[in-house]
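Protein chains in written order, with the numbering used here: chain P, 1 to 301; chain B, 302 to 587; chain V, 588 to 896; chain R, 897 to 1172; chain H, 1173 to 1448.
Glycine included, C-beta positions come from ideal geometry on N, C-alpha and C.
Here is the structure we will look at, set down as C-alpha cells.
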Ligand SMILES: Nc1ncnc2c1ncn2[C@@H]1O[C@H](COP(=O)(O)OP(=O)(O)OP(=O)(O)O)[C@@H](O)[C@H]1O
Ligand SMILES: Nc1ncnc2c1ncn2[C@@H]1O[C@H](COP(=O)(O)OP(=O)(O)OP(=O)(O)O)[C@@H](O)[C@H]1O
Ligand SMILES: [Mg+2]
Ligand SMILES: [Mg+2]
Ligand SMILES: O=P([O-])([O-])[O-]
C-alpha cells in the first residue's frame, strides 16, 4: 500500500444486506485492536467492482461469487447466512389475508412480473387497489436472489428484468423499506434486518414480512408460520424451514489474497466474531462450514 | 384580442409568474428552515458531533465529518481554482494573448462551463483507477477544483475586461511591467473578481455529483488527505434515502447548515464587493 | 548619492524583470490550462470508451432500448429518451415562467418590490440542488403520486420524469431569471421611449422590441439553463425512479444519462465493458454540450445581427 | 402666424422622489402654438427633458416621478382622461436624443406604430405609408433598396431620420424631439435639421436643444427654463434680440461667450468681453 | 527659448494590422523641444493618440501594432535599446485621456510609481514626495486631510490632477498628455490647464488636444497631423497667424468656422464667411 490508498484504514464496501453486521463487527474489533474502518454500502456489485479497482480492501457480498469473478481473481470466504423476505405495508388493504394465509412463490412471481395488478386478485377479495411493485436500482444481491427465487426451480429473473417490471426502484434496502412504509399498496423485498427492529427484533415500523406459503396449498401451516419476531424467523432459517434462495450465505471477498489488516479482521470474524451474529439478526455459519471457511482463508486463493 | 386587454393580461401573467417563483422559493426555504431548523436548533451539537460507527443506520452521533469534509474539500479547491482562474483570466487579457487565442480559450471554457459535473466525477475517478489510487479527500479537492475553474474563470475574465483601459495605460505609463499592470487590473476589477470566486465557491459547496465518486463517500471523520471523506451535499443525498427517520431528519438539519452557509457566503461577498467598489476607478461616477 | 540610487534601483529592476518573466510563464501555462484540461478530459473519456466502441456498433447502441450490462446489452436509448424528456419538459415549464418573471422584475417592478424580488431570486440561484431534491421528496413526490398522476389517469409512485422536470424547473428558473433580467436591464431607455413614444403599450414594447433586443442575452440564459438541466445528476437520481426502460408517459419512471452513471457506475466494473459504457455516457454528455455550444454561438451571432438596435 | 395653441400646460410640476427628492419642474404654464416649432432651451439639468416627456406622460416609465398640474392637447386633458396612455402618446409623438433603431428591419421600423394601431387595410397601403414617410424625412432614396435589412445597420444620421419617419407614420398632432441632433456629426445634423425645417409646416414640433444657434435657425418660439422654472417664452426674434429677463440675457450671452472663446477667433460682438 | 530637442522621432510609422490594416502614422519626423509644451492637433482619427503613445511604446499594449522608424530621448534610442520598456516609460510618462484613479488610496496613487521603482529610502521620504507632487498639481490643500481615502472618490477634475501628480512623482523627463481636459467640466479643465501651465517650465510636455483654443493658450509649439502624416509643425504664434500649408489653414479656419456658427454671433472675421 502506498500513501495514495489511504494507509492503514481498512476499507469495506458492498452489499447492504450484511452491512449492519459488518458494522457491528468493525465496531467491536476496532475497539479491541485499534484498527480503523471505513465502511459503505452500494450493493454487492459495487463491493466487487471496488475490490477489483483497488478502491477497498474487502467486499461484502450478499451472494456467491460468480465464475467470471473468480476467474478474475476474486477470493471470497463465507461469513454468515442472511435472508430476504417479501414485504408490504402494515396497513396493506389485504394484510389480514396475507398474514393468515401467506403467498406462494407463484403468487409472488405473478405480482412481481405484473401479471396481477390489484390486491383483490391476489387474495380473491373485493379490493381493487392497484399494487405498486418496488425494486432495487443498485447492484443488489438481494434482488438477484429474489429473482432466482421468483423464477422457481430452474429459472431465474435477472435483476434487470425485475427492475424493468417494477413501478420504481430504490437505491438500497433502507430506501425500499421506506417506500413500503410510505405506500399502503406497495410490495417489495428486504433483507430481514430492514424489516424487524434492529434493537428489539420485533415488528415495530410500518413494514411487514409476507409469510411464504411454501407448499402452495393456500394456507399457512404451523411450520410455515414463524414471522412474529426476528428470532423466530432466524430459527426457522437455521432449521431449513425457509428456502434458499431467498436465504443465502454471505461472503467477504478481496482481490487475490487479503491484505494484512484485512486478513486479521476476517480471521476474527470467522472465529470470535461469530458469537455476535445471532444477537444482530443473522444466522451464523454451521460449524463444519465455518471450519471449511477458516481453512480456505488460511490456504489463500 | 384588444390590445389593452392583451396588455392587462400579460402584465398580470408576468406578475403571476414572479409571484409563483417567489412563492415556490419561499416554500423551499421555509421547509428547509423549519424542518431543518427544528432538528438543528433542538440539537445544534449534531453539526459538531462526529458520526458514530453506525451513523448511516442508526443516526448515532452527528455529521461533523461532512461539515469538515465540505470545508477541507471545497476550501482548498476554491483556493487552487481561484489562483488558476485569475491567472487564466489575466492571460486572456490583450497584453498577454491575441484576440484569437482568447476567443479559442473562451470557447473551451464555455464547453467546460456547460459540462455536467458528473462528467468531472467520472473523469477524476477514471484517473484515480488508472494511477492505482483510492478515492479520497484529495481527489475530491481535485474534482471540485476542476468544476469550479471554468465558472470562476468566466466571471473573472468578464470582470477584468470591464476594468477601464485607462488603468492599464496608467500603470504602463508609469513604467510598470506587464505583471504589475495585470495585478493592478485585478485590483481594479476586484468586486467582480470576488463575486466570481464566491460564485464558484457557492457552486462548489453545493455540488454533489463531482464528489460522489471521488471523495470516498466516507462515514468516518476525515483522517487525512488520502483518506475517504464526504461533503454535506453527498451526505444529504445519502441521508435523504435513509429508512431511519432520525437519519432522514438529519438530512434537513444538514440542509439547514448548508443553506445558512451559502446564504452567509453571498452576503459576505456582497459586503466585500461593496467595500472594494469604493476603490473601483470610475465607481463613483458611473 | 546618484550612484546609490542607481544601484539600488538596478537590483530592484532585475528582480522586477525576473518576476515579470516567471509570471509570464506561469500565466501562459494557466492560459493553456483550459485547453489542456478539456483535451485531457475528452481524450481520457474517449480512450476509456474505445473498448465499447470497438465491440459494438454505435448506431445500434444508440437505438437499442435494452440496457442490461450483465448480459452485455448496452442500449442507451432509454437513458437518452429520458434525458430528452426531462430536458424538454423542464424547459417547457421553466422557460416561459422565467422569462415572464424576468419581465416583471426588469420592466414592471419598481422600488422596494424590485430590489426584494430580484435579490431574493439571485440568492436562490445559489441554493444547492440537493436541497431542492430533499424538499421535493416530502412535498412534490406525494403531491404528484397522490393527486396529479391519478388525476390524469396514471398510477404512479410520485417518482418519475414529471417530478424530476418539475423540480429541475424550480432549480433552474432563478438562474435563468437573473441572467435574463441582466440583459433586459442593459437595454437603453431610448428603446422603450421610442416604442412608447409612437403609442405602443408596455406589453407591445416588451414583446416586439425589448424581447428581441435582449434576445441574444435571454437566449444565452435559456441555454445555460438547458445545460444545467441536461447534466443534472442529483435531483434526477433522487427522484426519477431509476428504471432503464423507455418511459411510457410523463409520469413514468425512467433514467437519464447522468443517473445511469450514478446508479450503475459503482457496480459491475468487474465487467470491463460496463465501465467503458458508462464512461462513454460521460463522453456523450460532453459532446452534446459541445455541439450545443457551437450551434448556440452561430445562432446567437445571427440573432445579434438581426435584432441589433 | 397661427397662434392658437396645440398644446397647453397648466402649472405642470414634476418631482422625482427617489433617494433624494428633486423638483425637476416647478409649475410651468405654457402654450405651444400649432404648426410651429418651439425650442426649449436652458442649462443642463434645468428640466428640459422632463418638461418634454411630461407632455406625453413618457416620464412615467421612470420610477418615482410625481406630476401635478395638467397638459391639454387642444381641448382634451392629457392627465385627467380615461383614454389609455398609448392613445395619448400616439397623438403626441416622441423622438429620443440618441438615434435608436428598433430591433427590426428598416421597413418594420417605420411600419411599427402603424401596425400596432392597426391603421392600414392592406399590405399595399402599408408599403405606401412607409415610402411616404421615408420620403418625408429624405431617407427613401438612401434606403429603398435595403428596406428589409436591420435598421441598426444604417449610419447614426440615417437612424435619426428613421426615428422621425417612425414617429410621423402614426400621424401625431405634436412631435416632441429631445436634442435630436446632439449625437450626430455636423453633416448628419444638418440633414436632420433640414428635415425638421420641412416638417414644421405640417406639425406642431417641440424640440429641446442645447444649441442657441439651432434654436435661432429653426425655432419659431423659444422657451427658456432655469432650475425647473419657466423664465421666458417668446417668439425667436424677440427672444434673442430683446430678452426680457436678466437670466435670459446672461444665458444667451454666456453661451455665446463660451463658444466664442473656444473658437478662438477675434470678434467684435459684445459677448467677446464676457469672462469664461 | 531653448530649442535643443528632448525627444526626436525619425520616420516613425505605425500600422495596425488587425482585421483590416490601418496606417495610423506614416513616417513622421519631428523634434520636441526641451522644457516646452508641444500641442498635437488634427482631425479625429488622424493619428494623434497613436503618435503620442508610440513615443513611449505604449501602443505596444494594443494587439497588432507594428512600428518602424525610431524615437530618441536625448541621445538614447527608445526602440533600438536593450533597456527594458518599463525603464523607458519611467522616463517618458503618460497621462491618459480619461481621469482614472488607480484602485488605491490617494496617497498610494501618488506613491505607486515611486514604489514600484523602489526609488525611496524611508517612509518619510515617500511622504515628502507625495506632498511635493500633490502641491505641484495644486491638489495638496484639497486632499491633505483624506490621503487614505480611495482616489476614486475625488471629483473628476481632482482625479485628473491626481493623475498628473502620479506621473510626475516618478520624475520623467517628458510627459505625454492625451486630451487631458476633454472629459472635464470647464472649471476643472481650467484648473488642470493652470497646472500644466506651471509645469511646463520644468518638464517637456507633449499634449494632444482637440481644442485650437487650448493649443493657443498653452502651447509653445504646435504639430498638425492629417491622415497620419505630419503637415506642419511650428511655434504657436507662427502656426496660427501664418500657417504654411493650405490644409493647416483650412483646418484652423474650419474649426473656427464651425464653432463660430454654433455660437451664432455676428462676426467680422474672415472665417465667418466659410461654409459649414
Ligand atoms: N429619473 C430621475 N430620477 C431622479 N432625478 C432625475 C431623473 N431624471 C432627471 N432627474 C433630475 O431632474 C432634473 C432635470 O432633469 P432633466 O433631464 O429634465 O434635465 P435637462 O434639462 O434635460 O438636462 P440635460 O440638458 O442634461 O439633458 C435634474 O436635476 C436631474 O438630475
Ligand atoms: N488598436 C487599434 N487597432 C486598429 N486600428 C486602430 C487602433 N487604434 C487606432 N486605430 C486606428 O488608427 C487611426 C488613428 O487612431 P488614433 O487613435 O491615433 O487617432 P486620434 O487622432 O487620436 O483620434 P481621436 O481624435 O479620435 O482620438 C484611426 O483610423 C483608428 O481607427
Ligand atoms: Mg435632457
Ligand atoms: Mg485620440
Ligand atoms: O446486499 P445487497 O445490497 O447486495 O442486496
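Listed in chain order, the positions of the segment 1328–1358 of chain H with a beta carbon within less than 9 Å of a beta carbon of chain B are 1328, 1331, 1335, 1338, 1339, 1341, 1342, 1344, 1348 and 1350.
Around the beta carbon of residue 612 of chain V, fewer than 16 other beta carbons lie within 10 angstroms, which makes this residue exposed. By the CB criterion at 8 Å, residue 461 of chain B and residue 394 of chain B fall inside the cutoff. Ordered by chain, the residues meeting the criterion of a beta-carbon within less than 5 Å of a non-hydrogen atom of ligand 1 are R/912, R/914, R/918, R/920, R/940, R/941, R/942, R/943, R/944, R/945, R/946 and R/958.
By the beta-carbon neighbour count (other beta carbons within 10 angstroms, threshold 16), residue 1005 of chain R is buried.
Between residue 785 of chain V and residue 326 of chain B, the alpha-carbon positions lie close to 39 Å from each other. In this structure the segment 555–574 of chain B lies against the segment 334–345 of chain B, because at least three pairs of beta carbons, one per stretch, are closer than 8 Å. Annotation for residue 968 of chain R: no alpha helix (DSSP H) segment contains it, though the beta strand (DSSP E) segment containing it runs 961–969. Annotated three-state conformation of residue 1422 of chain H is helix, per DSSP. In this structure, residue 687 of chain V sits away from residue 664 of chain V, with a CB-CB distance that is not shorter than 8 Å. Residue environment: residue 716 of chain V is assigned as buried (16 or more neighbouring CB atoms within 10 Å of its CB, all protein chains considered). It is roughly 13 Å from the alpha-carbon of residue 972 of chain R to the alpha-carbon of residue 985 of chain R.
As computed with DSSP, residue 1070 of chain R is found in a beta bridge with R/988 and R/1100. At a cut-off of 8 Å between beta carbons, residue 600 of chain V contacts chain H. The three-state reading of DSSP puts residue 1076 of chain R in coil, since its state is none of H, G, I, E or B. Relative to ligand 2, residue 1214 of chain H has its C-beta within less than 7 Å of a heavy atom. Distance check between residue 1063 of chain R and each of R/1025, R/1081, R/913 and R/950 places R/1025 closest, using alpha-carbon atoms only.
Distances from the CB of residue 1013 of chain R to the heavy atoms of ligand 2 are all 7 Å or more. Listed along the chain, the chain B residues whose CB falls inside 8 Å of the CB of residue 789 of chain V are 308 and 312.
Membership of residue 75 of chain P in the beta strand (DSSP E) is indicated by the continuous run 74–82. Judged by DSSP in its simplified three-state form, residue 936 of chain R adopts strand.
When DSSP reads this structure, residue 37 of chain P sits in a beta bridge with P/10. At least 8 Å separates the CB of residue 968 of chain R from every CB of chain V. The alpha carbon of residue 1243 of chain H has as its nearest neighbour, out of H/1202, H/1259, H/1399 and H/1323, the alpha carbon of H/1202. Contact annotation for residue 573 of chain B against chain V: no contact, minimum CB-CB distance about 15 Å [criterion: below 7 Å]. Shown in chain order are the members of the segment 430–450 of chain B whose Cβ falls below 9 Å from a Cβ of chain P: 430, 432, 433, 434, 435, 436, 437 and 439.
Annotation for residue 169 of chain P: the continuous beta strand (DSSP E) segment containing it runs 168–170. Scanning its chain for C-beta atoms nearer than 7 Å, with the 5 sequence neighbours on each side dropped, one finds around residue 361 of chain B the residues 353 and 355, in chain order. In the structure shown, the three-state DSSP call for residue 884 of chain V is helix. Taking the C-beta atoms as reference points, residue 552 of chain B is found nearer than 8 Å to residue 540 of chain B. One Cα belongs to residue 88 of chain P, the other to residue 171 of chain P, and the distance between them is close to 18 Å.
With a threshold of 7 Å, the Cβ atom of residue 1106 of chain R does not count as near ligand 2, since no heavy atom of the ligand is closer than that. By the rule that beta-carbons nearer than 8 Å mark a contact, residue 604 of chain V touches chain H. Judged by beta-carbon spacing, residue 766 of chain V lies beyond the 8 Å limit of residue 797 of chain V, meaning their Cβ atoms are not closer than that value. Listed as beta-bridge partners of residue 905 of chain R by DSSP are R/926 and R/967. Taking a C-beta distance under 8 Å as the contact criterion, residue 425 of chain B and residue 532 of chain B do not qualify as a contact pair.
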